[in-house]
Amino acid sequence: MSDDAADGQQQEAGLTTGEVARRLGVAPTTVRSWDRRYGLGPAGRVGGRHRRWTPLDVALLERMCALTATGVPPAEAARLAQDPSRPAPPPRPAPGGTPADRPAAAARAHAGMRLGDARQECRGLARAALRLDAVALDELLNTAVETYGLVTAWHEILMPTLQAVGRKWESSGERYVEVEHFLSWHVACALRRAAPPVADGLDSGKVLLACVPGENHTLPLEALSAALAQRRIAVRMFGAALPVEALVEAVRRTGPAVVGLWAQSRTTASQPLAQHVADMRWGVRGSRRQAAVMTLGPGWAGKPVGGTLRPPGLAEAVDAVEARVRG
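Just so you know, we're using the numbering used here here: the sequence shown kicks off at 1 and counts up by one.
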């Protein structure tokens with residue numbers, strides 16, 4: 001059966017509450033609560049017991065989400081969602097906002113995010129982030145990682161959603177900063193929850209990850225650290241903007257097999273620094289060792305560094321580290 005045929009059958013049969021929740025970016029308990037409190041439940045059930053949500057049912061909940069995202073109280077939002085002919089109240093202005101700001105704020109709130117062909121889960125995450133719904137966001141993030149695996153979830157769900165939120169912020173006059181910070185923190189927590197503890201062993205401490213000086217984008221390194229932990233490879237993580245002297249000293253003290261240097265921007269990617277780390281040697285004469293340096297992130301594009309590795313994505317980076325550590 002083709003994917004289109006399967007999707008058509010699913011639409012005809014209706015969606016489960018969990019599937020609806022993922023699409024909307026809310027917790028399943030929220031969907032059930034709206035049904036119980038405000039009568040926003042599905043029109044039909046399978047076998048008289050199991051809820052199945054039709055496209056019309058989902059459209060009603062989407063109106064509910066859009067209204068609550070602009071600050072309308074849930075009870076009032078439910079009444080408006082069930083009677084679209086009633087005018088919606090003006091959205092609450094941001095702190096310090098003026099009445100003149102309100103129409104533009106409302107338009108931005110309903111404009112959505114440019115997610116392109118990203119998975120439907122991205123839209124659910126984006127909606128949960130816009131509402132600052134911590135419970136729903138954690139549930140959606142955990143489900144994405146458990147369902148698709150950490151690497152696939154990062155490439156196809158988490159990263160596209162983070163990028164969409166970033167574009168939303170940039171295109172709205174630096175509004176939604178709180179949404180970007182909120183989503184980033186919860187993504188970081190989800191990545192750490194997905195990383196099992198790695199016991200000390202032969203591979204312990206052989207990988208050092210850090211952002212170059214001036215670079216504060218740590219989430220890609222968090223994803224790499226978590227993916228390596230799932231392969232039982234321990235990491236020493238130094239996080240954002242590690243000063244040059246501290247990076248050199250950390251490499252000298254730990255003698256790692258691999259050093260990963262993340263640069264999001266071309267202005268922070270330093271070829272001399274990467275080359276210096278790649279050229280470092282330690283150990284007794286006759287058996288001196290050096291680290292394999294990986295230049296990670298878009299900042300290194302067009303900035304080749306001799307003798308370093310340049311994996312194009314998370315999956316390739318994980319494989320390159322494992323080959324070096326256990327090869």
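Glycine included, C-beta positions come from ideal geometry on N, C-alpha and C. Model, not experiment: these values are computed from the prediction.
Inspect the beta-carbon positions of A318 and L191 and report whether they are closer than 8 Å.
It should be noted that the sequence gives Val, not Ala, for residue 318. Their beta carbons are not under 8 Å apart, which means V318 does not touch L191 by this criterion.
Anyone know if the C-beta pair for A250 and P213 falls short of 8 Å?
Not in contact: A250 and P213 (Cβ atoms no closer than 8 Å).
Just the C-alpha distance for E316 and S33, rounded to the nearest angstrom, thanks.
Straight-line Cα distance between these residues: approximately 43 Å.
Check whether the Cβ of R324 sits closer than 7 Å to any heavy atom of the ligand ATP, and report yes or no.
This structure lacks the ligand ATP, and indeed carries no ligand of any kind.
Less than 8 Å between CB atoms is the rule here; does S270 satisfy it with respect to chain B?
Among the chains of the structure shown, chain B does not appear; only one protein chain is present.
Can you tell me where the alpha helix (DSSP H) holding W300 begins and where it ends?
Neither: W300 is in no alpha helix (DSSP H) and is coded neither H nor E.
Determine the extent of the beta strand (DSSP E) in which W262 is found, giving its start and end residues.
First-last of the beta strand (DSSP E) with W262: 258-262.
Have a look at the DSSP bridge pairing and note the partners of A207.
Rather than Ala, the amino acid found at residue 207 in this sequence is Val. In the DSSP output, where bridge partners are listed per residue, V207 has V235, V258.
From M237 to R52, what does the alpha carbon distance come to, in whole angstroms?
C-alpha separation (whole angstroms): 45 Å.
Would you mind sorting V325 into buried or exposed? The rule is 16 or more other CB atoms within 10 Å of its CB.
V325 comes out buried.
Tell me, please, whether the segment 245-264 touches the segment 292-302 by the rule of three or more beta-carbon pairs shorter than 8 Å.
Touching, yes.
Just to confirm the assignment: which complete beta strand (DSSP E) runs, minimum length 3, are found wholly within the segment 139-223?
Counting whole runs of 3 or more residues, the segment 139-223 contains the beta strand (DSSP E) stretches 207-211.
Rounded to whole angstroms, how far is the Cβ of P220 from the Cβ of W262, which I believe are closer than 8 Å?
Rounded, the Cβ-Cβ distance is 6 Å, consistent with contact.
Put T295 into one of helix, strand or coil per three-state DSSP.
It is a strand residue.
Suppose the cutoff is 8 Å on Cβ atoms and the five residues either side in sequence are ignored; what does the same chain contact list for R22 look like?
Around R22: Q120, E121, G124, L140, T143.
Using the C-alpha atoms, what's the distance from G297 back to V58?
Looking at the two C-alpha atoms, the distance is approximately 39 Å.
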